[in-house]
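Take a look at the structure below.
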Amino acid sequence: MLSNGASPYAVQLGDVSKRYLLDPQRPWRLKDVIARPKSLISQLTAKEPFWALRDISLNVKHGEILGIIGHNGSGKSTLLRILAGISPPTLGTVEINGRYGALLELGAGFHPNASGRENAYVNALFMGMSKDEAKAALPSIIEFSELGPFIDQPMRTYSSGMYLRLGFSVAIHVKPDILLVDEVLAVGDADFQEKCFEHFRTLRARNTTIIIVTHNVDTLIDFADRAISLEKGRIKREGAPIEVVQDYMNALRRESPAMERAFQRALAGHLAQEAMKAGVVSAEMLGIAGSERPDG
Amino acid sequence: MATTTAMPGRFAASAAPASSFWDLLLAVTLRDLRVKYHGTFLSYFWWIARPLTLGLVMYFALGRVLKIDIENHAAFLLSALFPWFWFQNGLHSATNCFVANSGLVKKVQFPRIILPLSVVLGSTFEFVITLPVLVLLLFITGINPDWTWLAGVLPLLALELALLCGLGVLVASLNVYFRDIGPGLDSVLLLLFYLTPIFYPLERVPDGYRQVLLLNPLTPLIEEWREMFLFGDMPGLDLWPTVVFSVVAVAAGWFALRIIGKNMADAL
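In the order they appear, the protein sequences are chains A and B.
With the numbering used here applied, the first sequence has no gaps in its numbers, which climb one by one up to 298 at the end.
With the numbering used here applied, the second sequence has no gaps in its numbers, which climb one by one up to 288 at the end.
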């Protein structure tokens, strides 16, 4: 709040922690409160605290692209929810300098019985556009979504891909200074994913800060300026994407034989490609591919 | 630059979204209205079907079978049933609005109050648009439309809307933590229907009971609606308990949402 408008950082996190109180009885029932009036207080105090995030300090510069990687349950989505202002931090400070747009879930709040056009408009307002902005952007939103005549059909008739395209199309038209992306690109076909990344590149050119959570390490290496990996709610490693990814993959391989096999396959494929580029004879390629499963 | 580590956690965003609260509220309300009656052939008719059906049943059961003598019985019933159903529909549908939209609440940051208010506004729209039908029905029963209606309807509308907004936001917020509110409210509304002089005149309620009924904030409201339509009386000072209760309801709703709203995404 004290920012003088010239803050070099788009996002500043100071020792942010998030505690969830695990409680199998949630939501509370009136029965419990009436039967044991003190139960409200005792439930609050007796609950098992679970720290989804612990002491996260992070500064993201304007125009920087930060990738976040980590296991399921490592706190990635919690972090984005806190950044989006949806969930308050339990401890610490969050400071956002600029208008943010969040792609935590494409098409959140779309109404299945309303038309694509109406949903796009309402969704645009929900995501922070003004009425005039939304009306002006609507033709462009519809065009980007490639829905054509289907735009006036109720959304329950849409395929999941169509649903996604419209959700993404709305989200990118919000023109945020800071864009939060949560794994939304894992779904959708290759063509659509490419289109999304193309758009992210234009956003980057516009000096938009992007914070992206992904399991796709290729995305991270290609796209991010910097990366962090989360483990059990703490920042495990921070630095150049390639280093963070290597560290993350190594940890994964140590823990999971399936990951080790997948890694070997990927490595073999990668080496084969490299070999092809280098014009090496195919016999050699087969040799590398043959080492795919060393233990049969 | 503030770099202090505050306790508890603090979130500060320097740029507010450009969207206007009222535009969003209106857009959501209109979308829900369109969606609700899309695919029904008789949408307008359904808005009046419920008060009309109940009015018919009571007219027959009380007036014709039990032979209860109430002057202009049909008009007596209709003039109270229409505003009652507005209240009932509005509150009933507001209860579940956060729970039903949990996907949106958990993924998008927006003023949470939009959801209950849009539901209440939708039911208000349904009521206002059926008022001409009520006027027509009253005319058929022999009551000539009165110019005082135009002036009297505004304060009554405003008051009932305020009451609904306050209670709607309150029950919707509490329902996030206490899911009993939903089913419990239906019983409360049923009880309230009988504790409000809708199908019986207040002055025929025996002494002692009448004072109890007057504690119900809906009693003066429904009475004033009826007196305006039947006798052309302007709403007056008798409404003060409803006004007081509405103010309390709005304050309670605002307070409940302030406390619950911040953690709503985690609680849902």
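Think of the CB as a built atom: it goes at the ideal place given N, C-alpha and C, for glycine as much as any other residue.
Neighbours of LYS137(A) in chain B, taken as residues at a C-beta separation under 8 Å, are lacking, since the least C-beta distance is about 10 Å. When rounded, the separation of the alpha-carbon atoms in MET78(B) and GLY111(A) is 41 Å. In terms of CA proximity to ASP43(B), GLU135(A) leads the group VAL13(A), GLU135(A), ARG83(A), GLU66(A). Residue-level contact by beta carbon holds for HIS113(A) and chain B, with a gap shorter than 8 Å. Distances from the alpha-carbon of ARG246(B) to those of TYR220(B), ARG230(B), GLN231(B), ARG70(B) put TYR220(B) closest. LYS133(A) reaches chain B at SER40, ASP43, counting residues in chain order whose Cβ is nearer than 7 Å. Relative to GLU185(A), the option among VAL62(A), SER117(A), ARG83(A) whose CA is nearest is ARG83(A). Measuring C-alpha to C-alpha distances from PRO103(B) to each of PRO165(B), LEU53(B), PRO217(B), SER138(B) identifies PRO217(B) as the nearest. Counting along the chain, the unbroken beta strand (DSSP E) around ARG56(A) starts and ends at 50-63.
Think of a sphere of 7 Å around the beta carbon of TYR123(A): the chain B residues whose beta carbon falls inside it are ALA47, in chain order. In the three-state DSSP reduction, ASP224(A) falls in the helix class (H, G or I).
Residue burial is scored here from C-beta neighbours: GLY256(B) has fewer than 16 other C-beta atoms within 10 angstroms and is therefore classed as exposed. Its chain contains PHE118, VAL125, ARG132, VAL196 as the residues whose beta carbon lies nearer than 7 Å to that of MET284(B), once the 5 sequence neighbours on both sides are disregarded; these appear in chain order.
The beta carbons of TRP67(B) and ILE163(B) sit no closer together than 8 Å. Identification of residues in the region 69-102 of chain A having a C-beta nearer than 8 Å to some C-beta of chain B yields ARG83, ILE84, ALA86, GLY87, ILE88, SER89, PRO90, PRO91, THR92, LEU93, GLY94, THR95, VAL96, GLU97, ILE98, ASN99, GLY100, ARG101, TYR102, given in sequence order. According to the DSSP assignment, ALA104(A) belongs to no alpha helix (DSSP H) but to the beta strand (DSSP E) extending over 102-105. When 8 Å is used as the limit between beta carbons, ASN121(B) is near these residues of chain A: GLY111, in chain order. Straight-line spacing of the CA atoms in PRO90(A) and PHE31(B) works out to 7 Å. Contact of HIS112(B) with chain A is not assigned, every C-beta pair being separated by 8 Å or more.
In this structure, the CA atom of TYR165(A) is about 9 Å from the CA atom of ARG158(A).
With a cutoff of 8 Å on beta-carbon distance, VAL247(A) and ALA229(A) are scored as near each other.
Assigned with DSSP and collapsed to three states, VAL215(A) falls in strand.
Looking at the backbone, the Cα of GLY228(B) and that of GLU50(A) are separated by about 52 Å.
Chain-ordered listing is empty here: chain B has no CB closer than 9 Å to the CB of PHE152(A), the nearest sitting near 17 Å. Excluding its 5 nearest sequence neighbours in each direction, ASN121(B) has C-beta neighbours in its own chain below 8 Å: LEU135, listed in chain order. For PHE199(A), the three-state secondary structure derived from DSSP is helix.
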